[in-house]
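Beneath this line is the structure, given in structure tokens, with notes to follow.
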Amino acid sequence: MARDLQAILKASLEQADEGESLKAVVQMPKQPQPTVDEKRSRFAAMMSEGRAPVGAMGAALENMKGQSEAEIAALKAQIESGHTVVEIETDKIDGSFVSDRMDRSDDALASLKEQIKSQGQIVPILVRPHPEIVGRYQIAFGHRRVAAAAALGIKVRAVIKDLSDEDLVIAQGQENNERLDLSYIERARFAATLEERKFTRATIMAALSVRKGDLSSLVSIATKIPADIINAIGRAPNIGRPRWLDFLALILEANGVDRAREIIKKPDFLKLESDERFLTLFAKLSKKERVAPQTLLSEFSFWKDPDGRRLAKVNDTETKYTLQIDKSIDPEFGSFVFSKLDELYATYKANKQ
């Protein structure tokens, strides 16, 4: 950790803080220089506001040379404890050593990019000093925020914390649990990958916030269904544990894997959305071909906004008409539509008369 901290301090000397550059101070020797106490007070103020960039921390620690070891140790401890938000160049950040997502939506990333561009990055990411490469960092959570910041050409706000591998995967998993980001099969693959990497069951259960029996189901589904079949289906965001367990039973039947592999090669299958790929494959393996296109995609299955984004998905069956609003594209549109239901229903009734 000491080597990593030294690397942070060296790199930070190149970064300006709040419009006051260290280089500018060096180039203007005639101006009165702040005292050590003034520098320490200035840095303490930034730390208390949670806005100190990496460069500011490095400069402050460098300026405390000659001070007591206790003072320097206190500042180092504050940095390492992860209580301060800093800014890091995105090209110095690597992804987690274990992937938790099967694919990343371009629409969701575009929406996040616009949000950060207009409002700034509200929630910082969590990183640790890279365990193998000095001067680099490894993400615990916040991959999409890093991608959005990189696309915008800006630094990413982050908390740096000295995490063990176990701490990192628990933080990564619990962040996804809170945000409800991962589908069931993504959680299953995440669990199986952690087990393959020899993490204990206790660590995996903590990361996914599941009980022992639920974890066994997750690992069983992800390991017994061939990876190429899961990849062909995709993340299937609306398919949960019961149907994946039923699907596993179909795969384990005689010729189940071979039949599934024949189906997933067909062009019509590949044109479907992920949930529909699962349902179609499930129906064919069950020998229950669906005769009505109630849940199959058609050109009317999505409503697109003027920018061409699939903002709403329609599922029209014999008993239900479901409208799903994609909050990753516009998080407030669903609430707006709900607030207008009384008005819409009144208009609907008036038009029927």
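Numbering (my numbering), first residue to last: 9 to 361. The beta carbon of each residue, even a glycine, is placed where N, CA and C say it ideally should be.
Distance between residue j and residue i (C-alpha atoms, nearest Å)
i, j, result
"Glu261", "Tyr145", "46 Å"
"Ala200", "Ala358", "56 Å"
"Ser224", "Arg318", "36 Å"
"Leu190", "Val227", "15 Å"
"Lys360", "Ala230", "51 Å"
"Thr208", "Val106", "15 Å"
"Val335", "Asp313", "According to the sequence displayed, residue 335 carries Lys and not Val. The alpha-carbon atoms of Lys335 and Asp313 are separated by roughly 13 Å."
"Ala354", "Lys348", "10 Å"
"Asp266", "Pro137", "45 Å"
"Ile241", "Leu253", "15 Å"
"Leu202", "Ile178", "10 Å"
"Glu122", "Ser343", "20 Å"
"Arg251", "Glu204", "24 Å"
"Pro234", "Arg249", "17 Å"
"Asp315", "Gly264", "42 Å"
"Lys295", "Asn246", "22 Å"
"Asp170", "Asp222", "30 Å"
"Val135", "Lys273", "40 Å"
"Val164", "Gln180", "18 Å"
"Ser172", "Pro339", "34 Å"
Residues of its chain near residue i, where Cβ-Cβ distance is below 6 Å and the 5 sequence neighbours each way are ignored
i, result
"Ser341", "The sequence as given places Phe at residue 341; Ser does not occur at that position. Excluding residues within five positions, the ones whose Cβ falls inside 6 Å are Ile333."
"Ile237", "Ala268"
"Ile162", "none"
"Phe310", "Arg318 and Lys321"
"Glu174", "Thr211"
Buried or exposed (CB count within 10 angstroms, at least 16 for buried), residue i
i, result
"Arg269", "exposed"
"Gln129", "buried"
"Val154", "buried"
"Pro275", "exposed"
"Lys282", "Reading off the sequence shown, one finds Ser at residue 282, where the question assumed Lys. Under this definition Ser282 is a buried residue."
"Tyr192", "buried"
"Leu352", "exposed"
"Leu30", "Any reading at Leu30 must be qualified, since the residue scores a pLDDT of 25, below 50, and its modelled position is unreliable; the value itself is stated next. Counting Cβ neighbours within 10 Å, Leu30 comes out buried, since at least 16 surround it."
"Leu331", "exposed"
"Val345", "exposed"
"Asp350", "exposed"
"Glu95", "buried"
"Gly150", "buried"
"Val131", "exposed"
Opening and closing residue of the beta strand (DSSP E) in which residue i lies
i, result
"Pro137", "Ile133 to Pro137"
"Lys348", "Segment: none, Lys348 is in no beta strand (DSSP E) and carries neither H nor E."
"Lys312", "Phe310 to Lys312"
"Thr330", "Tyr329 to Ile333"
"Val227", "First-last for Val227: Lys220 to Lys232, but that is the alpha helix (DSSP H), not the beta strand (DSSP E)."
"Arg205", "Arg205 -> no beta strand (DSSP E), and no H or E assigned at all."
"Glu95", "Val93 to Ile96"
"Ala235", "Not the beta strand (DSSP E): Ala235 falls in the alpha helix (DSSP H), residues Ala235 to Ile241."
"Ala291", "Segment Ser282 to Leu293 is the alpha helix (DSSP H) holding Ala291; no beta strand (DSSP E) there."
"Ala166", "Val164 to Ile168"
Integer Cβ distance of residue i from residue j, believed to fall under 8 Å
i, j, result
"Ile104", "Ile337", "Here residue 104 turns out to be Ser, not Ile, going by the sequence shown. Between Ile337 and Ser104 the Cβ distance is about 25 Å, and since that is not below 8 Å, they are no contact."
"Gln182", "Ala215", "7 Å"
"Ile133", "Ala166", "5 Å"
"Ala362", "Thr98", "In the structure displayed, the chain extends from 9 to 361; residue 362 sits before or after that span and is not available."
"Arg152", "Leu117", "6 Å"
"Ile101", "Ile147", "6 Å"
Proximal residues to residue i (C-beta, below 7 Å), its chain only, five neighbours per side dropped
i, result
"Ile271", "Phe277, Leu289 and Lys292"
"Ser126", "none"
"Ala244", "Ser191, Ile193, Ser282, Asp283 and Phe286"
"Tyr356", "none"
"Ile124", "Ala156, Ala157 and Leu160"
Close Cβ partners of residue i (< 8 Å) along its chain, the five nearest in sequence each way excluded
i, result
"Lys232", "Leu256, Ile259 and Leu260"
"Lys220", "Arg209 and Met213"
"Phe308", "Unreliable positioning characterises Phe308 in this predicted model, as indicated by a pLDDT of 44, which lies under 50. The coordinate reading is nonetheless provided below. Taken in chain order, the residues that qualify are Val322."
"Tyr329", "Val322 and Asn323"
Enclosing alpha helix (DSSP H) for residue i [first to last residue]
i, result
"Ala148", "Segment Tyr145 to Phe149 is the beta strand (DSSP E) holding Ala148; no alpha helix (DSSP H) there."
"Ile272", "Gly264 to Ile272"
"Arg249", "Arg249 to Leu260"
"Leu278", "Pro275 to Leu278"
Cβ-heavy atom distance, residue i to the ligand FAD, below 7 Å
i, result
"Ser224", "This structure simply doesn't include the ligand FAD, nor any ligand for that matter."
Residue-level contact to chain C via CB, residue i, 8 Å cutoff
i, result
"Arg269", "Of the chains in the structure shown, none is chain C; there is only one protein chain."
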